[in-house]
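Protein chains in written order, with this note's numbering: chain W, 5 to 507; chain U, 5 to 507. Backbone N, C-alpha and C define an ideal beta-carbon position, used for all residues, glycine too. Predicted model only: the values in this text are computed from it and were never measured. Contents: one structure, followed by commentary.
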């Protein structure tokens, strides 16, 4: 057995020096992780003790310990009593993290950049599915994120509207819907965007699709040539990141802080990107709004560069503290550079599978053609029913009613966190949306989610949303589909599960 | 002005010698067209007279005249009285034809092969939409092809099934459908395939999508790497060809004859293709079935090569003379190499937008993931209603009933052709499907479709389905959505429109 003193090879590893503006713990974590992923620190290699490393680099021992702990919790390192800390024999393979991270230059390693543009089969094989493939989607368990409450949906109204459209006199509607969508529905969506989001678009600029995923997929195919770069929020929505990776785009992870996407970092990392994916109204998953200064900087970059911004406006109608924030698309430059995408699957119910894009005029025809060529159009009956549902006021009534209900549940969630999770999980004030991120205190994500699953609680590890940037451990949890009693009871179960020491 | 005798440059053009098995007229047509598209015969260049060319190549003058006429009708050549025949100043730009054709080696010119894999916006810009983008899809005009008759659809049954599924007790269904589709519907489709198509697949191998276009798109993305080749029927379905071109695949046009796809030509042109697109039950648009020998040869190639066959089984349930032909997928090798795709949009009504694939086991998971990532899943209510519609026997009843109706209309169409079109359009015996190809006698497609449009008649030019192979002029016409009286009256209008001399 190799003792700690017999492993000077590891010592010769150049870790470089900390960059300005990055915490020492994060610097050390990044440097070690990159050394492991690049193979410079090979599988099985032993790391120096925390004290030795702290001395050599002039760091506090606690800083080294914290970086080691993070790498241990993520599976990059393994520790056995009496054998020290080694590079793990089985590197972690959790979907979002198994590719080598982008170095600070914003460029992925050559292998990822050169990945073929076809042959998705190879690229998908290496990662976890972004969406469940199971044969049955059940009612969500607490605290499943990204879901609305279907129990509140006025299904009787919905049925009545279906009956109206399924009459012999309406047989002609079965011939098919226009490629861009039903004109009445496009009009209703344009009206909604004007009032709720401050966006002025003609109905002809609205195109109906099955999902925001489809809208993003089409934009990536339309706008990116091989080797073109796209900005992705980090952390960010895993469905978007996986789509970019599968399509062979060069994904540049742009960090997110308390003011949302760090636009200046994007400008530095990849000034000539073709597309930026952002969730400006409520960052997915962290929840902050993009600050006004950054909105302007982002738009100015897009206008200057001729780049496009994909604004994923996934649940902005559910804002509890004030009016919804106007869309990025409503600002100067947004008319020509911003593709605004929204979905009804989060506002009404997941199975509806209707979403829309509000497009810059120059993209309307190419987008419609690409949608029509690759999938034709979404089910027309659902479009006709939704058009009536909106035109007759049911949509606004439903959103207002659910907003109140979700606001109450958000409060209950905050209260439950104060009651049950003090010291375990930090929950921020909830201002909007269907879910939040709680920060884990002194527990890694793998341990937490494993214990929660055993207790019948669902929470997503924040790491699933991560690109290449370090982020402290957290859980993404939904509150919208659960009533106040369920929230309190489930929070108590959770506290017990997390507080319990591992057997 | 340059006289005919002053243009010896054209004479020096090497046209090669006719290949075995190709008619002289087609050889000359191909050689001249390629010379024009490649620029060797530049815009404005004058061609020799038909007599001089016939003498030089030892051809009958009529053969040369026929090749010239075809190129004139397609716009490659222009003739002015007293000025001879020249290469046209405005080369034709009809969607399917504006790319240079694949030379006999099966390789596209370098420009097409090097087309970027992203940036669809550029590739789409150069061609006509394969599907209409109009704001309103009307009831089809005679003789619009590829459409069924929605008037025969039992909309009352359809409404009743919707009401059943839209009850408060079924709210849970609004949570969403499994990525691959509703299990009950997959079971119903597997049963149908076993009985109607002789295909034994487990329900788990069936995946629901929105359209056959989407299924083909996903297969191209999953299976093809950049530079990979795909076989396309020529002539063939323009939706499929345009999808391949937009996606950047190397499309090899494989000719079709009276026995369907010329598999031996495919083997010669592109033996290492990754995918072959075929319509074996009823070739789209020509209508013949792929012969048993060629089915076996195609499957043997796929097995040997590890290639896949995309079997587009778009309207095989409508066969009037005997039982439907078993699917290619039912033969040896079909279980692992054939992706069978079918649609309900032609069997029930276009707006339904539900289609399925029966996949080889090894493709189920990657295909489902790709579908889920790029579009999630098709509307679940429509899936639930269709599952009941099939399980309760409505589907079989409807198809049987419509088959009888369409058979009667096919006969009426044949009769109308005999009555009104003798000498103008040759119509073959109709054995299956919703549409047929009539061959034009002595009129080019552009003239015919222009005159028909003016008379309120829709017919697609056969040239829209063409790849790089020559085909004599024809019209693709549908008979299924029109009753006997409409068929006879429209055929009479058509005869008048085509018989009338141009003003």
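Check                                                                                                                              : Outcome
Residue 478 (chain U) vs residue 442 (chain U) beta-carbon contact at 8 Å                                                          : yes
Distance, residue 175 (chain U) Cα to residue 155 (chain W) Cα                                                                     : 6 Å
Exposed unless 16 or more other CB atoms sit within 10 angstroms - verdict on residue 291 (chain U)                                : buried
Short CB-CB distance (under 8 Å) between residue 382 (chain W) and chain U                                                         : yes
Best match in W:433, W:262 and W:186 for proximity to residue 325 (chain W) [C-alpha to C-alpha]                                   : W:433
Short-range partners of chain W found in the segment 253 to 285 of chain U, where Cβ spacing is below 7 Å                          : none
Limits of the beta strand (DSSP E) - the one that residue 345 (chain W) falls within                                               : 342 to 347
6 Å CB neighbourhood of residue 111 (chain U) in its chain, flanking five on each side removed                                     : Model confidence at residue 111 (chain U) stands at a pLDDT of 32, short of 50, so the residue's coordinates are unreliable; what they give is reported in the following sentence. Counting only Cβ-Cβ distances below 6 Å, and skipping sequence neighbours, we find nothing.
Check whether residue 152 (chain U) and residue 484 (chain U) have beta carbons under 8 Å apart                                    : yes
CB contact below 8 Å: residue 340 (chain W) versus chain U                                                                         : no
Residue-level contact to chain U via CB, residue 146 (chain W), 8 Å cutoff                                                         : no
Contained alpha helix (DSSP H) runs [length at least 4] in the segment 446 to 473 of chain U, N- to C-terminal order               : 449 to 458
Contact the segment 417 to 430 of chain U vs the segment 468 to 475 of chain U: 3+ CB pairs below 8 Å                              : no
Residue 297 (chain U) (DSSP reduced to helix, strand or coil)                                                                      : helix
Runs of alpha helix (DSSP H) lying entirely within the segment 382 to 434 of chain U, each at least 4 residues, in chain order     : 384 to 395 and 398 to 424
Buried or exposed (CB count within 10 angstroms, at least 16 for buried), residue 237 (chain W)                                    : buried
The segment 60 to 92 of chain U: positions lying closer than 9 Å to chain W by Cβ                                                  : none
Helix, strand or coil at residue 283 (chain U) [DSSP, three-state]                                                                 : coil
Residue burial classification, residue 195 (chain W) (beta-carbon count within 10 angstroms, cutoff 16)                            : exposed
Proximity test, Cβ basis, 8 Å: residue 378 (chain W) and chain U                                                                   : yes
Exposure label - residue 59 (chain W); buried when at least 16 CB within 10 Å                                                      : exposed
Beta strand (DSSP E) segment containing residue 216 (chain U), residue limits                                                      : From DSSP, residue 216 (chain U) is part of no beta strand (DSSP E) but of the alpha helix (DSSP H) over 216 to 227.
7 Å Cβ shell around residue 249 (chain W) - same chain, five flanking residues per side excluded                                   : 127 and 255
Residues in the segment 405 to 432 of chain U having any Cβ partner in chain W nearer than 8 Å                                     : none
For residue 313 (chain U), three-class secondary structure by DSSP                                                                 : strand
Nearest residue (CA-CA) to residue 436 (chain W), options W:220, W:414 and W:193                                                   : W:414
Residue span of the alpha helix (DSSP H) that contains residue 68 (chain W), given as start and end                                : 65 to 77
Nearest-angstrom Cβ-Cβ length linking residue 321 (chain U) and residue 330 (chain U), presumed shorter than 8 Å                   : Their Cβ separation, rounded to whole angstroms, is 13 Å, which puts residue 321 (chain U) and residue 330 (chain U) out of contact at 8 Å.
Check whether residue 363 (chain U) and residue 211 (chain U) have beta carbons under 8 Å apart                                    : yes
Backbone CA spacing between residue 64 (chain W) and residue 30 (chain W) [nearest angstrom]                                       : 13 Å
Residue-chain proximity (residue 205 (chain U), chain W), Cβ-Cβ < 8 Å                                                              : no
For residue 185 (chain W), the residue or residues it bridges with in DSSP                                                         : Answer by DSSP bridge pairing: none, since residue 185 (chain W) is not bridged.
Where residue 439 (chain W) falls: helix, strand or coil (DSSP)                                                                    : strand
Proximal residues to residue 108 (chain U) (C-beta, below 6 Å), its chain only, five neighbours per side dropped                   : Because residue 108 (chain U) sits at a pLDDT of 32, beneath the cut-off of 50, its placement in the model cannot be relied upon, and the following sentence gives the value as read from the coordinates. Once the five neighbours on either side are set aside, residue 108 (chain U) has no close Cβ partner at all.
Nonlocal neighbours in the same chain, by C-beta distance under 7 Å from residue 453 (chain W), ignoring five residues either side : 463 and 465
Test item: CB-CB of residue 361 (chain U) and residue 208 (chain U) under 8 Å                                                      : no
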